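Protein chains in written order, with my numbering: chain A, 37 to 289; chain B, 37 to 289; chain C, 37 to 289; chain D, 37 to 289; chain E, 37 to 289; chain F, 37 to 289.
So this is what it looks like as structure tokens:
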């Protein structure tokens, strides 16, 4: 896990930024997108607003003598291993606490600074609605607000302001309950093994490995159907879905 | 206005298909998309399900001695002139009547045949909801159903079936009342003069020329904002918006 | 129940038109609006597309020896009595059958003719969605389509075309299931007794009398809250709610 | 596949009714519900409005010398085998044609008759919206309308009218695109092997076997999470999701 | 009003928890559900986040010499009397202030503690949207967030975590404006007299007694229609409606 | 810009209140409504919660040596000039900061006080959703909450409480992305020149002058269509659209 190399990136390639409420979200929900874009020489950064130490670490808490610090360390280590497998350029842990996650003013400023440095071609975060997990909604709100502030000429005048990167909402658990509707499917067949390896770094959540494998296969089916179906659809085996917040701007339909 | 050149198109380039409820709809709502793709060597076909002879020809009906046939002829001539200006490869008039438009089984079969011949890379039609104009909704329903039938192996077995082209819903009048939300803006700056020339072929609806010029300029503003805003957004002067019915399938976000 | 007096109305006052799927709908759902506007010298016309003879006449069918014709006659008589009580200027029965109601092309033409004659200041019909009663949705669709055709210069050229009257969707049973949301409450306190008398003409549906009395009282509460609440809200005792299909045009907010 | 045993059912147990647009839909989408309720002594009837002969039989059409009749026979045979495996009490084929499916007045009457005979405790059909397959929407519309007619005292007076059975919308392909949101998950773990066996009767659609196995496993995960999660959720391995059209009526929350 | 008897409840029966923004909300909106479940030996707890002392006590404030403390006392007394009538096992007043209600971190922890103690079979709170009363939305947000925290293994490790109780949103005033749609109706006929007695404890809001009586009767009508209608619907005279936030998990449809 | 003249207003006429997130919003979005109502002797007050100094002042920040105070002064001066042109009775600057705007408890109290003084016949603010600009959403939330508090008898007892003024949401940029749907169009033809003059006071945002001129013309088209269309619609040349939050209460439809 090397240092942030933003200046380089600006010269050599594109960047992308993932804003994840908890340490493991980025793996399940957009690990394929990360690995794929890393292979395309995007420098992909990940921000984990919390470790998910209280709410998403049940297996660890069932061990004797567990403490909050030990959970955080374990979660961080897992996330760093997964990030390395996926080819993440940099991962940052804001350690804001979870259940509930609270993004205060200072953390917002830090997030804005990070976005401006990264100048991402696109951003990734959670769904707008999630009645199972309000941390997810707060992360999305923070992503939207930070993007806005990063665009403001009067915020730290003199810095390079942000353009208008797309914000993709990655797939939540139980999509229908989250009012999430994908408008783009990304073929991750070529990096599926890498995503699976990253998933397996999440030792504390082994019960979800099969779930996300099934999901990726089924999204592959959706990719095939929407890319041509039985009349020449791409033979995608695994895919990920995303919902765009903003309209696209194109030169050709 | 030459004959359909589908075999050629299959060899030389892409095609697109517009399904328009009335003769003029394709001009106001996607004239820029047509002209732009024609310049990119797409063979763009247009189907006018009706001439809009009863409901969208007020100016003609105010003339003395007007008849339905004369209105149809005038509307057809206008539409052909506009199509020629835009570079439409072929325009067909189904003459199904308007206010109300009724797409019967036989016309549906004809539409399917046309779609299969064209094998369009994408299709264009109206919004899903329109309480001002039910013909528009019926055209959209027909487009969706014809697309489905064209994909069926058992419909005229032996013919080349359709893949999974996107269906873009072009911009209706009074977008908010139509529950229409664009998710893609197309830069039509380079062909704006051409679209404007086509608009001016619509002599019977002069009151709408300024309206659609204003609209294209304002959509240009939206294009700029969403393509980078004040931090390097494309300097689009005119744009058109579209709503996708189906998710996209991509290799890169 | 006198003859249609449209020419008079055009000179002397405004008109309104109710399009009701079954014979009794207009009483429960907008009887107050009818009575109130009748008092304001609107000539209010009612079209009953069917008698509700099969689906809304359970009490009659439980009688021995009942026939379809006898049910229709009974329903018609009730509706005429209620219309008279409410001050309806004219009531027409299209007798198109119910469960299901089918509005064919010829009936559509008749409806258009009637709308053009009436030149209503506003129209009233059912909610857009009703999974309990598809006749209601079909009546609304017919109302929207007939309004559109009546606006067409080329439909029976020479007739006076329709302007842009509001279409109000009156209150369905179980509003929330019908995706109906009122945006206007009408104070019917002054005509409540008249509406109640009309309701009591519906002898076959006595089980609904208390229901619609309760409803009118509670809508009166909503009227008071939205007209000023505890700081001077109108002391309405009974009200009816409506959902507008089209935006209003005003000179003052 | 024995004869309809409605009189018996009325004495001995409950019934359920599936209205399926094409021959195979009932297997993928509610095969678990069918098998489970059959085990609970429900007499489950299935209506296949069409065979899906044109639009859902690609594999058959790729064979030499295929005809419409041969496709229909093959599809019927598959569906009957699957129905037998699932314990369906009766399966009927309306043979109305597919792509597009058209439910005419006579077929509607037949459907109503069938519903009245069955007096189902609940009904199952497709999602309200499906831009990939308009047959599905038409089946749902037919189900809603037939249910309404079956409730009408004046439809074939003297017959036993229908009560108010729930209409569950079973899971469509690509749920999010269909605006479908499940509000109930049914644990089908105990009958999963039976559903899988039925799925395997669908020889023409082998590419979907894994898809629906994955789906059932993942819905099992959703069942566990919503039945108690890590604090005692039922250990469901496979589940099916459904969306209710009508509200429930209960004695206890 | 006796002390919390959670340990007992865990042995002897089920519990339910109402989270009410103001002191009287639980009476109007779910008094029937409380009384009914109390009769079924549920221990029903109520949390009043505020007394509604500023915003929902107009009648008191119109008295001379009224003070905030006196209003709070009066509201508390009324609520306690109503709770006793309904058979509430325990009522707690968080006294967080109203107009606006603010649920700070400490109160959230208290709410979580209370939920964990109660281990409710289901929870009840307000609608998601309410433009008339933001306190209601804040109470709902608090309920959702507290439920989530109560499920976290790492929140006060060692305590018994919460399962996945349903959160029912009880009926708001002016349902349609609140985007609230009931999916379950509860028959409260047997406890209606008890609910009415509780309503009458709300002396400061006498103008609402008739309103909520009307409403309960009309919801009874909805219950009858959805439980079988004219073909054997339950003869419910009074009912309450609820909207479920989460899907149900069942063994039988 | 004279002092607040509330006592006078109460005697002589009606008042209206605009709650604007940034200094210029009120000009673009409801300048016509302000000018029109000022001409009708409404005393229109404007609250600018911030100056838009950081996020909406790009042109100023591009000048050398710019400081936050200088930007604020320039924005304030522009806004005051525009307010004078429009006939605003009073404009207040809360100076709460922008990007992000934070409305704290104290500012909320100030806003409530101001609303109570004004006793507005109607209020104006932003759309409910805006993923481009969270300040806009916060302003709307503040408007809704302040309106509620102003209605509370127990908030500063003895003051005159607020009635139930409509809250109109004025037109956001890119309406469709904001989930904003106008239900009322106001004819501003007679004051268009005045609005244009106010727009031209916004020297820092010259790129938007043409945009909002185009928009007003096109909304004029919508006004004409909805006020009668080709059958006598008002000849409005410019209009503004608004979305009502609350239902209207009327005596005549």
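Glycine is no exception: its CB is placed at the ideal position from the N, C-alpha and C atoms.
Note that this is a predicted model, so its numbers are computed, not measured.
{"Query": "Proximity of residue 216/D and residue 205/D at Cβ, strictly below 9 Å", "Result": "yes"}
{"Query": "Other residues of its chain near residue 158/D: CB distance less than 7 Å, five sequence neighbours each side excluded", "Result": "52, 201, 202 and 204"}
{"Query": "Nonlocal neighbours in the same chain, by C-beta distance under 8 Å from residue 251/B, ignoring five residues either side", "Result": "207"}
{"Query": "Beta-carbon proximity check, residue 222/F vs residue 289/C, cutoff 9 Å", "Result": "yes"}
{"Query": "Where the beta strand (DSSP E) containing residue 144/F begins and where it ends", "Result": "Careful: residue 144/F lies outside any beta strand (DSSP E), inside the alpha helix (DSSP H) at 141-154."}
{"Query": "Nearest candidate by alpha-carbon position, reference residue 62/E, set 196/E, 74/E, 75/E and 84/E", "Result": "84/E"}
{"Query": "Assumed close pair residue 89/F, residue 190/A - CB separation to whole angstroms, cut-off 8 Å", "Result": "6 Å"}
{"Query": "Exposure label - residue 65/D; buried when at least 16 CB within 10 Å", "Result": "buried"}
{"Query": "Residue 245/E vs residue 274/E beta-carbon contact at 9 Å", "Result": "no"}
{"Query": "Beta carbon proximity, residue 107/A to chain E, threshold 9 Å", "Result": "yes"}
{"Query": "Extent of the continuous alpha helix (DSSP H) to which residue 84/B belongs", "Result": "First-last for residue 84/B: 79-84, but that is the beta strand (DSSP E), not the alpha helix (DSSP H)."}
{"Query": "Straight-line gap, residue 170/B to residue 282/A (C-alpha atoms, nearest Å)", "Result": "29 Å"}
{"Query": "Helix, strand or coil at residue 41/B according to DSSP, with G and I counted as helix", "Result": "Note that residue 41/B scores 35 on pLDDT, short of 50, meaning its location in the model is unreliable; the coordinates nonetheless yield the value given after this. Looking at residue 41/B - three-state DSSP - the assignment turns out to be coil, as it is neither helix nor strand."}
{"Query": "Min CB distance residue 181/F to chain E below 9 Å", "Result": "yes"}
{"Query": "Straight-line gap, residue 230/D to residue 67/E (C-alpha atoms, nearest Å)", "Result": "45 Å"}
{"Query": "Beta-carbon neighbours of residue 204/E, restricted to chain C and to distances below 9 Å", "Result": "The premise fails here: residue 204/E is roughly 15 Å from chain C at the closest Cβ pair, so nothing lies under 9 Å."}
{"Query": "Identity of the residues DSSP links to residue 273/B by a beta bridge", "Result": "DSSP lists no partner for residue 273/B."}
{"Query": "Cutoff 6 Å; reference residue 156/A; Cβ partners in own chain excluding five residues on either side", "Result": "51, 52, 53 and 201"}
{"Query": "Cβ of residue 60/E within 9 Å of any chain C Cβ", "Result": "no"}
{"Query": "Reduced DSSP secondary structure (H/G/I, E/B, other) of residue 54/D", "Result": "strand"}
{"Query": "Three-state secondary structure (DSSP) of residue 63/A", "Result": "helix"}
{"Query": "Through-space distance from residue 55/C to residue 160/C, alpha-carbon basis", "Result": "6 Å"}
{"Query": "Closest residue to residue 198/F among 259/F, 184/F, 102/F and 240/F (Cα-Cα distance)", "Result": "184/F"}
{"Query": "Residues near residue 269/B in its chain [Cβ-Cβ closer than 8 Å; skip 5 each side]", "Result": "259, 260, 261, 262 and 263"}
{"Query": "is_contact[residue 277/D, chain A] using C-beta, thresh 9 Å", "Result": "yes"}
{"Query": "Same chain, Cβ closer than 6 Å to residue 95/D, five either side skipped, listed in chain order", "Result": "240"}
{"Query": "Cβ-based burial, residue 164/B [other Cβ within 10 Å; buried from 16]", "Result": "buried"}
{"Query": "Top-ranked residue by Cα proximity to residue 226/F, from 107/F, 194/F and 256/F", "Result": "256/F"}
{"Query": "Residues from the stretch 201-227 of chain D in contact with chain B, defined by Cβ distance under 9 Å", "Result": "210, 212 and 213"}
{"Query": "Backbone secondary structure at residue 197/B - three-state DSSP", "Result": "coil"}
{"Query": "Extent of the continuous beta strand (DSSP E) to which residue 161/F belongs", "Result": "158-161"}
{"Query": "Backbone CA spacing between residue 60/D and residue 235/D [nearest angstrom]", "Result": "9 Å"}
{"Query": "Identity of the residues DSSP links to residue 220/F by a beta bridge", "Result": "284/C and 278/F"}
{"Query": "Residues from the stretch 155-188 of chain F in contact with chain E, defined by Cβ distance under 8 Å", "Result": "177, 180, 181, 184, 185, 187 and 188"}
{"Query": "Alpha-carbon spacing of residue 119/A relative to residue 124/E, whole angstroms", "Result": "52 Å"}
{"Query": "DSSP three-state assignment for residue 46/F, whether helix, strand or coil", "Result": "Since pLDDT at residue 46/F reaches only 45, below the 50 mark, its modelled position is unreliable, and no value is offered."}
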